[in-house]
Amino acid sequence: MRISFDKGELDLDLIHAFLSGAYWSVGIPRHTVERAIKGSFTVAAFEPDEEGKDEQIGFARLVTDYATFAYLADVFVLPAHRGKRVASAMIQALHDHPDLQGLRRWALFTRDMQSVYASLGWEQYPHPERLMVRDDPDTPR
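Numbering-wise, my numbering puts 47 at position 63 of the sequence shown, and it's gapless, one number per residue.
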């Protein structure tokens, strides 16, 4: 497996296809995915296909100010590659990236992958009463 931070290597068709069917972003328009990627620090995982050409198998993006916080979003691994610690490798690569050192807080939302993040040092926020969100019901998820 190869990890890359190069946006030029991203397979936008694959990312959009996956995200438009994911529970957190069903029906998301492609232009929204492209805009989100443009404004984010991205990581992707690749493995060689049968012909030896690198094929994207995972993706994640980070929204950050590079000084105090980072918000992890849109983490996914293609079904055929799950269980191989691909997500863990991408997240660890983000943790280790020199441009992302010294951040006071990283955050994310997840419905069912808490154990993956816990294995990488993440924990539930201890003061949920301090956390506020604003969802727009008219915006595609």
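We treat Cβ as the ideally placed atom computed from N, Cα and C, and that holds for glycine. All values reported here derive from a predicted model rather than from experimental measurement.
Residue i versus the options, residue with shortest Cα-Cα distance
i    : options                : result
T52  : D38, R19, L84 and K37  : L84
A102 : R88, A71, H81 and M116 : A71
L78  : R95, T94, H15 and L56  : L56
E31  : D58, L62, K22 and A44  : L62
I21  : D(-10), L115 and R95   : D(-10)
G23  : L104, D49 and D80      : D49
A29  : R66, S4 and A54        : R66
D33  : M(-15), V117 and Q76   : M(-15)
Q76  : L104, V117 and A64     : L104
Residue i (DSSP reduced to helix, strand or coil)
i      : result
E137   : Here the chain comprises residues numbered -15 to 125, so residue 137 is not present and cannot be evaluated.
D(-10) : coil
F53    : strand
A6     : coil
Q85    : coil
Q108   : coil
L46    : strand
D58    : strand
Whole-angstrom distance between residue j and residue i, CA atom to CA atom
i      : j     : result
H11    : D38   : As written in the sequence, residue 11 is Gly, which differs from the His given in the question. Approximately 27 Å, taken between the alpha carbons.
Y42    : T123  : At residue 42 the sequence reads Gly, which differs from the Tyr that was named. Each residue's alpha carbon lies about 25 Å from the other.
R88    : H111  : 16 Å
A44    : K68   : 16 Å
Y109   : D58   : 19 Å
R14    : D(-5) : 12 Å
P121   : F2    : 21 Å
S(-12) : A6    : 22 Å
R114   : G36   : 49 Å
E107   : S99   : 9 Å
V17    : L46   : 13 Å
M97    : D119  : 21 Å
Residue i, enclosing alpha helix (DSSP H) - first and last residue
i    : result
L115 : Note, L115: premise wrong, no alpha helix (DSSP H); not H, not E.
R19  : R14 to K22
L78  : V70 to D80
A64  : Looking at the DSSP string, A64 is not in any alpha helix (DSSP H), and its letter there is neither H nor E.
S99  : Q98 to A102
Beta strand (DSSP E) segment containing residue i, residue limits
i   : result
A91 : R89 to L92
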